[in-house]
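J.:
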């Protein structure tokens, strides 16, 4: 069990995985190793994960059973690939800008799209926030931490929202992976 999530199926983690012995057993990652109540697996894996072998020792009989589990750890954040990022009417941004250019004017409603990539576990969702205050300065990371971002589930290119032609907007977005 890892943070309330079981080590089964296609689960991904962004941190170490702790193997914990069930009641009546001790556990080790080596048959001749030191047995205790738990051990930690802490290596980032590939897309297929890593098969981890561990051993359970019955505290009454001393009998040892070999077990295996597939672990998938991804500590790498999604990236904005060359053809990705935030896209508004064929204008693309892939990084946090320190200055804002207000040279883009459109008369129609515009779709705001995003596209990120994650080579290990894949993109799970995008989050965006639209600043509609007519601000001419970029919000800091600390200021953005106090804003409510809207979630859009899915991977690949996703439409985050639409902007009307009435107003000035600054769009902030980020992607999270499945780990």
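In this note's numbering, the protein residues as written are 31 to 209.
Beta carbons: idealized from backbone N, C-alpha and C, even for Gly.
#1: Rounded to the nearest angstrom, what separates residue 127 and residue 81 at their Cα positions?
#2: Hey, how far is the Cα of residue 145 from the Cα of residue 201?
#3: For residue 207 and residue 152, what's the separation of their Cα atoms in angstroms?
#4: What is the DSSP secondary structure of residue 99, reduced to helix, strand or coil?
#5: If you follow the beta strand (DSSP E) that residue 193 is part of, which residue opens it and which one closes it?
#6: For residue 88, which residues from the same chain have a beta carbon less than 7 Å from its beta carbon, with the 5 sequence-adjacent residues on both sides left out?
#7: Tell me which residue opens and which closes the beta strand (DSSP E) that residue 141 is part of.
#8: Over what stretch of residues does the beta strand (DSSP E) that includes residue 205 continue unbroken?
T.: So, from the listed chains and residues:
#1: Position 97 of the chain shown, counted from the first residue, corresponds to residue 127. Position 51 of the chain shown, counted from the first residue, corresponds to residue 81. Here the model assigns residue 127 a pLDDT of 48, short of 50, so the residue's position is not dependable, and the following value carries that caveat. Going by the C-alpha atoms only, they are around 42 Å apart.
#2: Against the chain shown, residue 145 aligns to sequence position 115. Against the chain shown, residue 201 aligns to sequence position 171. Distance between the alpha carbons of residue 145 and residue 201: 14 Å.
#3: For the purposes of this step, residue 207 is taken as residue 177 along the chain shown, with counting starting at 1. For the purposes of this step, residue 152 is taken as residue 122 along the chain shown, with counting starting at 1. The straight-line gap from Cα to Cα measures roughly 6 Å.
#4: Position 69 of the chain shown, counted from the first residue, corresponds to residue 99. In this structure, residue 99 counts as strand in the three-state DSSP scheme.
#5: For the purposes of this step, residue 193 is identified with residue 163 of the chain shown, where counting begins at 1. Element bounds for residue 193: 188-193.
#6: Translated into the one-based positions of the chain shown, residue 88 becomes position 58. Correct list, in chain order: 54, 55.
#7: Locating residue 141 in the chain shown gives position 111, counting from the first residue. Counting along the chain, the beta strand (DSSP E) containing residue 141 begins and ends at 140-145.
#8: Translated into the one-based positions of the chain shown, residue 205 becomes position 175. Element bounds for residue 205: 200-207.
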